[in-house]
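In this note's numbering, the protein residues as written are 29 to 243. Quick reminder that beta carbons are idealized off the backbone N, C-alpha and C, glycines included. Just so you know, these numbers come straight off a predicted model, no measurement behind them. All remarks here apply to the structure that follows.
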């Protein structure tokens with residue numbers, strides 16, 4: 029009897045447990061805000077109504093920020109991550125000056141979000157795939173279209189098996205980023221998922237600038 033079970037994790041559809049809105053920002057923004065709109069979205073993921081709600085809710089009735097990522101000066105690549113829900117500093121993010129640069133996320137010793145430092149590396153510069161490791165599991169962010177870079181999927185790899193654990197989408201705008209992020213937080217920590225997405229968005233803006241000003 030043939031089995032109806034998928035052969036690999038990659039065949040399993042994404043089942044998000046959290047829905048976030050990343051407030052639009054640019055490379056000059058000093059404070060990036062992330063809103064948790066999970067409880068306000070009633071439509072099933074993937075439906076037309078879902079798409080409508082995640083666009084309208086941040087405009088009509090935005091909740092207070094769930095996470096803020098701040099730097100002292102607009103040119104600084106060192107960010108502090110805080111949340112009104114959790115006291116103290118959640119993490120620090122050291123960005124790079126080019127899209128191919130490594131980015132490092134550091135967490136306090138007693139952090140519930142990550143037990144070690146996380147380094148985001150460009151796995152493939154031309155196809156814009158970014159990779160990081162958490163507790164021996166490899167995660168990869170990759171775009172639907174490596175040129176426009178407005179939709180990204182996050183995969184979790186365990187050996188040769190892969191599971192979709194995140195998805196980010198935004199409208200096309202030059203040098204600005206911000207949109208909807210969904211995560212399966214059974215497979216990746218919410219703070220880690222959000223911060224690694226913000227790293228991808230920083231690198232997207234840097235890549236857009238590099239394309240306009242090639243060496």
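From the DSSP secondary-structure annotation, give me the bridge partner or partners of residue i.
i           : result
residue 58  : Answer is none; residue 58 lacks a bridge partner.
residue 147 : 132
residue 169 : 158, 182
residue 195 : 181, 210
residue 96  : 61, 110
residue 205 : 53
residue 119 : 109
residue 46  : 211
residue 189 : 186
residue 241 : In DSSP, residue 241 forms no bridge with anything.
Within 10 angstroms of its Cβ, does residue i collect 16 or more other Cβ (buried), or is it exposed?
i           : result
residue 215 : buried
residue 184 : buried
residue 241 : exposed
residue 148 : buried
residue 158 : buried
residue 56  : exposed
residue 36  : Unreliable placement is indicated for residue 36, whose pLDDT of 47 sits below 50; no coordinate value is reported for it.
residue 239 : exposed
residue 150 : buried
residue 125 : exposed
residue 31  : With a pLDDT of 38 at residue 31, under the threshold of 50, the modelled position of this residue cannot be trusted, and the question is left open.
Looking at residue j and residue i, is the spacing between their C-beta atoms short of 9 Å?
i           : j           : result
residue 169 : residue 228 : yes
residue 154 : residue 144 : no
residue 46  : residue 101 : no
residue 187 : residue 53  : no
residue 127 : residue 156 : yes
residue 166 : residue 172 : no
residue 43  : residue 152 : no
Taking residue i as the reference, give the member of the options with the closest Cα.
i           : options          : result
residue 234 : 202, 84, 45      : 202
residue 226 : 45, 114, 116, 49 : 49
residue 178 : 80, 206, 198     : 198
residue 164 : 126, 211, 142    : 142
residue 60  : 237, 68, 84, 92  : 92
residue 69  : 51, 85, 132      : 85
residue 200 : 129, 232, 220    : 232
The ligand HEM and residue i: does the residue's C-beta get closer than 8 Å to at least one heavy atom of that ligand?
i          : result
residue 72 : The ligand HEM is not among the ligands present in this structure, which contains no ligands whatsoever.
Is the region 75-92 close to the region 114-125, with three or more CB pairs under 8 Å?
They do not touch, by the three-pair rule.
Is the region 96-113 in contact with the region 188-201, if contact means three or more CB pairs nearer than 8 Å?
no
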